[in-house]
Amino acid sequence: MKYKLIFIISLTYISVVVCQAKSYDDKRCKCICPSISSVINTTTPSNPTNKRMNFIGNVSPSDCNCDGVVLPKIKDQLNGQELIFCPRCECKYENRNTTIIKDETIASNAAGTSHAMGVRGNVLNRVGHQQDKWKRQVREQRRNIYDRHTMLN
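When you line the sequence shown up against mature numbering (1 follows the signal peptide of the UniProt record, and there is no 0), it's residues -21 to -1, 1 to 132, in that order.
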């Protein structure tokens, strides 16, 4: 019974690690294209606000273009307008180390909260100081005008 439990826990752990490893690619091709409706002059229910579309594919650097990444996904929606659509797409091949990115994100979020609060505290202290200074000036002005009946210079 004890060995079954250890086996199930280790199997679960391995499956989680494998799934996480597959969800991040260190090499990718990223294409940013205009909306399809801007090319074929219609409004589509999938992208009604004419926003730019992102396409990310795991292809070789030589296939990092509209033909290799974008067209396999949306060719049926373009209605033969591929020659007009593809020149408007920007494709970039990226090499990145996602392990470092994940570690840096965790470290910056953990350390950044205390730093951001410290900076925010300095700003609030300065604002509070300026507010106190303004209140003192207003009190002095009121005292001069109402109590002493003198005008400000």
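By construction, the Cβ of each residue, glycine as well, lies at the ideal position given by its N, Cα and C atoms.
query: Residues near residue 74 in its chain [Cβ-Cβ closer than 8 Å; skip 5 each side]; result: 5, 6
query: Stretch pair the segment 41 to 50 + the segment 63 to 70: three plus CB contacts closer than 8 Å; result: yes
query: As assigned by DSSP and simplified to three states, the class of residue 31; result: coil
query: Anticipated Cβ contact below 8 Å, residue 9 with residue 37, distance rounded; result: Not really, about 11 Å apart at Cβ, beyond 8 Å.
query: Rounded distance between the beta-carbons of residue 52 and residue 61, thought under 8 Å; result: The pair is not a contact, with the Cβ atoms about 12 Å apart (cut-off 8 Å).
query: Cβ-Cβ distance between residue 31 and residue 14 below 8 Å; result: yes
query: Inter-residue spacing [alpha-carbon to alpha-carbon] between residue 122 and residue 106; result: 24 Å
query: For residue 124, the first and last residue of its enclosing beta strand (DSSP E); result: Per DSSP, residue 124 belongs to no beta strand (DSSP E) and is neither H nor E.
query: Residue range of the alpha helix (DSSP H) that includes residue 56; result: 50 to 57
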